[in-house]
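Structure first, commentary second.
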Amino acid sequence: MFKVTPNPPETDPVSPYESPDSNKLNEAAERALDHHFPPTEPKPPKRNGQLFSVCPGINTEALLANASEDLLSISAIAADLADDVDGSRRSVALALSRMADGVHLLVERALDHLDEPEMAAIFAKQQSRTV
70 MFKVTPNPPE TDPVSPYESP DSNKLNEAAE RALDHHFPPT EPKPPKRNGQ
120 LFSVCPGINT EALLANASED LLSISAIAAD LADDVDGSRR SVALALSRMA
170 DGVHLLVERA LDHLDEPEMA AIFAKQQSRT V
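Quick note: the sequence shown uses the numbering used here, first residue 70, plus one each step.
In structure tokens form, the structure reads like this:
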């Protein structure tokens, strides 16, 4: 006995995501999933090719004070290194220490100028423009 089997129904080979209604359904499902299961970590902001950066809101006095401290540290490291080496390397280490001391003096003078009334007015104007 031979039984006739019908051919399967012909279906449209179009993806279910290609119709406007299915796209809306997919977007709604994504929003619901994002609402109930938020990402665990926010994506970090992209850098502009800079390895280090300084926060834009830091005032000039804080920047100069930190630079002053760093220069003192560099000078101390170079002076300590000069004690451990001889010859031309000692001269280089002492030169680095003295250069750091000189730049430290410049930074300290800049900090002193921040206290002057005209400089305070300039920095106040700059701060008001950035805010």
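Where is the CB? At the ideal position from N, CA and C, for every residue including glycine.
query: At least three beta-carbon pairs within less than 8 Å, the region 154-166 to the region 177-195; result: no
query: Contact the region 146-154 vs the region 124-133: 3+ CB pairs below 8 Å; result: no
query: Inter-stretch contact at 8 Å, needing at least 3 Cβ pairs: the region 138-149 / the region 99-106; result: no
query: Backbone secondary structure at S122 - three-state DSSP; result: coil
query: CA-to-CA distance, L183 to E130, given in whole angstroms; result: 7 Å
query: Short Cβ contact (7 Å threshold) for V172 with S137; result: no
query: Test item: CB-CB of L133 and L180 under 7 Å; result: yes
query: Buried or exposed (CB count within 10 angstroms, at least 16 for buried), A98; result: exposed
query: DSSP three-state assignment for I127, whether helix, strand or coil; result: coil
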